[in-house]
Structure formats: structure tokens, C-alpha cells
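Here's the structure we're looking at; comments come further down.
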Amino acid sequence: MSPSLRMGWLLAVSWLMVGPGCGPAEEPPEALVEEPGTVEQASASLNGLSFNGLSFNGMSSNGLSFNGLSFNGLSFNGLSSAQFAAWFQTNPTLADMVMRYVVRCAVPVGQTRSYWNPTTARTHTWVGLLGLAPDWADGQRATTTEQQVVSACLAAHTTTSGNTMAISVLGLNSRGQTIPYSSLELSGFAEHEACFFGNLFTDEGIYVASDQGLLRGSQSSPRGCALSPGPLQRVEENCPPIVPLSSCDVYCDSNLLKPYRSHCTYQGRSYRPITTRLRTADVFHCGDGVCQYTESCGLGTSYRSCLRDCGPCL
27 MSPSLRMGWL LAVSWLMVGP GCGPAEEPPE ALVEEPGTVE QASASLNGLS
77 FNGLSFNGMS SNGLSFNGLS FNGLSFNGLS SAQFAAWFQT NPTLADMVMR
127 YVVRCAVPVG QTRSYWNPTT ARTHTWVGLL GLAPDWADGQ RATTTEQQVV
177 SACLAAHTTT SGNTMAISVL GLNSRGQTIP YSSLELSGFA EHEACFFGNL
227 FTDEGIYVAS DQGLLRGSQS SPRGCALSPG PLQRVEENCP PIVPLSSCDV
277 YCDSNLLKPY RSHCTYQGRS YRPITTRLRT ADVFHCGDGV CQYTESCGLG
327 TSYRSCLRDC GPCL
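The sequence shown stops at residue 340 when you use the working numbering, and every number in between is there.
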């Protein structure tokens, strides 16, 4: 693919997922996130670009520990097991969303996984993208490293606001292979965001730390659980099960030659992390003339009291 065509895909992804204005970004058409050969699938062929949108309810222990997949694999045998069916039927809507992101993270691009729901006579099909757990995707029991990197990937795809946006997903898969990225991706997603690590398949928890300094009081992010708050901000309160920590530099390795962290350590355990980046335009500034959904009215200059963008509270 030529550099110009690659940049065209990159811009198309960014434009489709995060449009202008102060309201919530529109949810992408269903075809963009579930059909093979669409913009999302094509973008993965050149980068580790993905779209967030997983609710925090989808990361509960019941969503991952008890669906049988960690033992039976993401294969026909795993998806046709009685254990998986019982888990799926408990909350089909939530389970469908969880599986969308599990498959997106674990299964390679170009592959899909399907489950036929006997209760509704509907077939659910989920599209692979990042290929972080190739052995698990082939039907083997998930290794500890696969559990870790898939957990980190799921955490990286969460949203507190329900808004969908493009993110750059960087790191290593369970075999130590780099998620493909390009200089165009790094320049288009220039805002360092966070590192995610932990294990949702066990009781070890899931964590996030900032991959940049503190935000200024005038800044805000639609991903409030990831970027560290500034002096006039507070840590996002609705992040469970994700536990916000301080800086990636405290817990993870640092390599100036690579745009991602290879391993993180917390409470004596080592983890395979995922590193994320955002578009610069997706870190909002009080004073840019647009009242973003992360900003509030008031007489000040912070995002919680932004006179210039949102006006006084009446």
C-alpha cells in the first residue's frame, strides 16, 4: 500500500470516528465494526488502530473468568461449550459486546469467530483485528501472557462516556511480536495516553497509568480513566474495575527507540501491557471555543468551569 493511500485510510478512520462539534460522537455504523473488509479491518493492515467502546460492565470477572473460553479456547469447541452458552444467555447483549472486543483483541485480522444462539436463532459473528493471543485464538488454553495482554487490550478499549473514538494500540502480542505500526500512525496519533496492564481472568485486577505528564487544569479527556488529572482535576471516579495509578515510568520499562512499553510490574508481578495514543485533537482545551461534553459552564478557565467555551451557569 502506498504512503498516500495509507494516510488516506488513517484520515478516513479519524474522520469517521471523531467528528467536529461539542456533542457526543456518533456511533459508527454497525458495518464498520463487525463486517470483514471494512474500514476497521483495512486500517489494521497498516496499523494497530482500533475503536474504543467497551463498557466497564463488560470487564467484570463474570465476563471473562466464567465463560469457559480461557480453558477451551476461541475455537469452535470453546464457543460451542455448554459453559460458554450458559454465560452468554445470562446477558446476551453484554456478552455480545464483550465477545466483540475479546475477538478484536485476541484473534488476527482476516479471521472471524461465530456463535449460534439457540434461544434467538441468531448467529453472532465477531471480527479479529490485533491477534494478541494467537495460540488461544487457535483453540488452546489461554496462557498467562495471553490473559494479560488481552486483559490490557480490553481495558484500553473501555469508555466511560459511551462515545466512540479512534485509538492507537501499541505493544507486543503474547509471543513477543510487535503490533504493526507506522510513522504515519505515530504522527497522526501524537498524544501519548496510557499503559494498561493486569489480568481480568484472575483476581489480580487491571491497572492504568499515564504515559505523559499531568494534564493542565484547562485540559480534559474523554478517556478520563487513562490520562492523569492535573491540579484542578480529580481522578475519574467511575473507572472500576480499572485502578488508576500514577505514571507508566514508575511501573513499566522505558525504551526511547520504541513507542510502547514491553513489560510492567505491580505488586511483585510482571505483566505484558498495552500502550495507547490519541489524536491531539482528542485532548480538549478550555478556551478553544467549543464546549466539549467533558467541560462545564462557569466563570473560570478550568475544564470544570469553562467560561470561554461553555459560558456562565445560568
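Where is the CB? At the ideal position from N, CA and C, for every residue including glycine. Predicted model only: the values in this text are computed from it and were never measured.
| said: Rounding to the nearest angstrom, what Cα-Cα distance links Cys251 and Val153 in this structure? | reply: Distance between Cys251 and Val153, taken at the CA atoms: about 26 Å.
| Segment limits, alpha helix (DSSP H) that includes Phe102 | Looking at the DSSP string, the run of the alpha helix (DSSP H) that includes Phe102 is 102-105.
| Pro134 in three-state terms, based on DSSP | Secondary structure at Pro134: strand, using DSSP grouped into helix, strand and coil.
| If you draw a straight line from the alpha carbon of Ser328 to that of Tyr319, how long is it in whole angstroms? | So the two alpha carbons sit approximately 14 Å from each other.
| query | Per DSSP, what kind of secondary structure is Gly214 in: helix, strand or coil? | reply | It is helical.
| query | Do you know offhand how far Trp113's Cα is from Arg334's? | reply | Between the alpha carbons of Trp113 and Arg334 lies a gap of roughly 49 Å.
| Nearest to Gly231 (by Cα), restricted to the options Met125, Ser246, Ser177 | The candidate whose alpha carbon is nearest that of Gly231 is Ser177.
| Measuring CA to CA, which of Asp122, Cys336, Leu212, Gly315 is closest to Cys323? | Checking every option, the nearest Cα to that of Cys323 belongs to Cys336.
| Sequence-distant residues of the same chain with beta carbon closer than 8 Å to Asn199, five excluded per side | Only Leu156, Gly157, Leu158, Ala159, Pro160, Val175, Ile205 meet the Cβ criterion.
| query | Hey, would you say Ser236 sits closer than 8 Å to Arg303, going by beta carbons? | reply | Not in contact: Ser236 and Arg303 (Cβ atoms no closer than 8 Å).
| request: Report yes if the CB atom of Glu217 is closer than 8 Å to the CB atom of Thr306, and no otherwise. | output: Their beta carbons are under 8 Å apart, which means Glu217 touches Thr306 by this criterion.
| field | Test item: CB-CB of Ser222 and Pro299 under 8 Å | value | The sequence shown places Phe at residue 222, not Ser. If you check the CB distance, Phe222 and Pro299 come in under 8 Å.
| request: For Phe310, write down the residues that DSSP places opposite it in a beta bridge. | output: Phe310 is bridged to Ser246.
| Less than 8 Å separating the beta-carbons of Trp162 and Ala121? | The answer is no: Cβ separation not under 8 Å.
| task | From the DSSP output, read off the bridge partner residues of Ile232. | result | Per DSSP, Gly224, Ile268.
| field | Leu120, DSSP secondary structure in three states | value | DSSP places Leu120 in helix when its eight states are reduced to three.
| query | Taking the alpha-carbon positions, what's the Cys274 to Gln137 distance? | reply | Their backbone Cα atoms lie some 33 Å apart in a straight line.
| Which of the three DSSP states, helix, strand or coil, is assigned to Gln259? | The pLDDT assigned to Gln259 is 45, lower than 50, so where the model puts this residue is not dependable; a value taken from the coordinates is nonetheless given after this. Gln259 sits in coil when the DSSP states are folded into three classes, being neither helix nor strand.
| request: Starting from the Cα of Arg242, find the closest Cα among Ala111, Ala147, Leu271, Arg330 and give me that residue. | output: The shortest CA-to-CA distance from Arg242 to any of Ala111, Ala147, Leu271, Arg330 is the one to Arg330.
| task | Consult DSSP for Arg126 and reduce its assignment to one of helix, strand or coil. | result | Under the three-state reduction of DSSP, Arg126 is assigned to helix.
| Which residue comes first and which comes last in the beta strand (DSSP E) that contains Tyr292? | Start and end: 290-292.
| task | Give every residue of the same chain whose Cβ lies closer than 7 Å to the Cβ of Cys290, excluding the five residues on either side of it in the sequence, and list them in chain order. | result | These residues qualify, in order along the chain: Cys221, Phe223, Tyr277, Cys278, Tyr297, Pro299.
| message | Classify Gln245: buried if its beta carbon has 16 or more other beta carbons within 10 angstroms, exposed otherwise. | response | Counting other Cβ atoms within 10 Å of its Cβ, Gln245 reaches 16 or more and is therefore classed as buried.
| field | Residue burial classification, Ser247 (beta-carbon count within 10 angstroms, cutoff 16) | value | Looking at its Cβ environment, which holds 16 or more other Cβ atoms inside 10 Å, Ser247 is buried.
| message | Rounding to the nearest angstrom, what Cα-Cα distance links Ser107 and Ser213 in this structure? | response | Within the model, the alpha-carbon separation for Ser107 versus Ser213 is close to 44 Å.
| field | Assumed close pair Leu180, Val135 - CB separation to whole angstroms, cut-off 8 Å | value | Approximately 17 Å separates the beta-carbon atoms of Leu180 and Val135; this is outside 8 Å, ruling out the contact.
| query | Since Tyr297 sits in a beta bridge, which residues does DSSP pair it with? | reply | DSSP, once it has assigned bridges, lists Cys290 as partnering Tyr297.
| task | Would you give the residue range spanned by the beta strand (DSSP E) that Leu196 belongs to? | result | That run of the beta strand (DSSP E) goes 192-197.
| query | Based on Cα-Cα distance, which residue from Phe102, Gly202, Thr228, Val124 lies nearest to Thr184? | reply | When C-alpha distances from Thr184 are compared across Phe102, Gly202, Thr228, Val124, the shortest belongs to Val124.
| query | What number of angstroms, rounded off, separates the C-alpha of Cys312 from the C-alpha of Arg249? | reply | Straight through space, the alpha carbons of Arg249 and Cys312 are spaced by roughly 16 Å.
| query | In three-state DSSP terms, what is Arg334? | reply | The answer is helix: DSSP assigns Arg334 an H, G or I state.
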